[in-house]
Every structure is written in structure tokens, then in C-alpha cells.
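Report on one structure; see the data block that follows.
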Amino acid sequence: MRTLAAILWGVVIQSSVSAAEPLPAKLLDLSHWKLTLPTDTRRPGSVDEVWQPELGSFHDPKHFFANDSRDGVVFRAYCGGGTTKGSKYPRCELRELNIRGALAAWGTDDGATHAMTALLAITKTPPVRKHVVCAQIHGADDALLMVRLEGKELLIERESEDDVALDPDYVLGKRFELKLQAAHGQVNVWYNGVPKLNWKVSRTRCYFKAGCYPQSNTEKGDAPDSYGEVVIHRLLVEHRN
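Numbering-wise (this note's numbering), the sequence shown opens with residue 8 and increments by one.
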């Protein structure tokens, strides 16, 4: 076993990783992301975050680690976990950064093309409220769209718009390819290469998110140790002028 240390908010965290177990940053390019964890150990009242460059050597055996086949990163959030300000639900989720390492903030009609492509699988939902979000385009104040599993129905949930079906009978663990793109005042979504959404919408201060964001907690009836889980096998973000 070898020991890794990451410094977060002035606190040193150590985690033991088997020499045969790759770090998440060896499986996914995490250079332009920060990680939000469903834990509150650094600053009371604020969930833990892992920024670059610490994220390049970070793993958490409970929430953020390589899967057994070593071809994907597990994102896990327990229903009794800590939550971000303005949310009732826990998350283990990546938030996009720009090339300078600051928070990304782009517009759907800013003259550029912004795209996120992921190969992933939702592998676990809480047993009572079986809702998990695996990907988002977020705006300045709220999510512009979320890719969400509700029971067996995989769908796109949009701000003030109708839901869009992706798979009415999704089976946990089934891999799928997802592409979210914003350009020329439109947001497009492809599911396994098939166009599913072409939405004319103008928003500023947008950014991508990916990971596990269960839409449940103990108030919804799920036990604190119940959890949602997503495995991401491939993740790519592109910005083109």
C-alpha cells in the first residue's frame, strides 16, 4: 500500500491506495475540474471540495475511486451526506473549470461551441426515492438541464420546459454515451449518438457538471447509508471558437 496526501483548506488528508489501483486522475482527464464531496469536514457548514492540483492525486475509498475493472471512476453519494448551499441533496460531482483553473462560465450564444461527451453508467439508486442526476449544464443560478434517472426512466429535465425521454426502461449498470452541446443559442443532446434535444435557449455563466447527484435524503425516507452511484468511463470537454 502507498499513502497519498491531499491538502484541502489547509488540512492534510491521507488515503491509502493499493499499488494496483489507479488514481481517478489516471482514468479520466480531471485537469479542468474540481470535485464536490458529500462530506463536511474542513469548514463547518460547507461541503468539502478538491481543486487542482490536489485532485490529480486524490481518491476517496468511500466516494471517489476506481471501479473493480479499472476502466472507470466511481462517484458515490450517501443520502445522509452533506449538501451544498441551496440544495437538499448530497452529491459527489465534478464542476467544470476554465483553462486558468478558475470557475468556468460561458454562454450558450457567446460565439463558441461548448461540448461535453461522456461514457457512463448509473449503477445504483437510493431504494426509496430512486432518482439520480448524472450530468448537467448549469447556469448562473440554477440547472439549465439535468440528465436524470427516475426509477427506470432516463430523461432530460429542463428549466421551465417539458422533460425529454432518453430511455423509458433503463437498466442499472448499462453504459451509454451522452453528448451535451451549446452553440449559436441552442443546446443539443445526443444519447448513444442519436439526437434527442434541439433547444433554442440563451443563458450566460454556464458550465458542465458530471458525477452522482442523488435526488434523495433522509427526509425523503432513505436511510443515511443508502446511496446513488455513477461510473464514468470517459469524459471529454471541448470549447471551440
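Idealized CB from N, CA, C, for every residue including glycine.
With fewer than 16 neighbouring CB atoms inside 10 Å of its own CB, residue 105 falls in the exposed class. Of the other Cβ atoms in all chains shown, 16 or more fall within 10 Å of the Cβ of residue 88; this residue is therefore buried. For residue 161, the uninterrupted beta strand (DSSP E) run begins and ends at 160–165, by DSSP. From the listed residues 226, 71, 116 and 168, the smallest Cα separation to residue 192 is found for 116. Our two residues, residue 44 and residue 156, have alpha carbons roughly 20 Å apart in a direct line. Excluding its 5 nearest sequence neighbours in each direction, residue 180 has C-beta neighbours in its own chain below 6 Å: 128 and 130, listed in chain order.
For the pair residue 203 and residue 145, the CB atoms are not nearer than the 8 Å cut-off. Taking residue 176 as reference, the option from 161, 64 and 90 with the minimal CA-CA separation is 161. By the C-beta criterion, the region 73–92 is judged to be in contact with the region 232–246, since at least 3 inter-stretch pairs fall below 8 Å.
Excluding its 5 nearest sequence neighbours in each direction, residue 113 has C-beta neighbours in its own chain below 6 Å: 121 and 213, listed in chain order. If the five residues before and after residue 132 are omitted, its C-beta is found closer than 6 Å to the C-beta atoms of 139 and 235, all from its own chain and listed in chain order. Bounds of the beta strand (DSSP E) holding residue 221 are 214–221. Secondary-structure assignment with DSSP links residue 99 through a beta bridge to 219. With contacts defined by Cβ atoms closer than 8 Å, residue 85 and residue 232 form a contacting pair. Annotated as distal: residue 153 and residue 244, with beta-carbon spacing of 8 Å or more. The beta strand (DSSP E) runs of length 3 or more contained entirely in the region 173–205 are, from start to end of the chain, 183–190 and 193–198.
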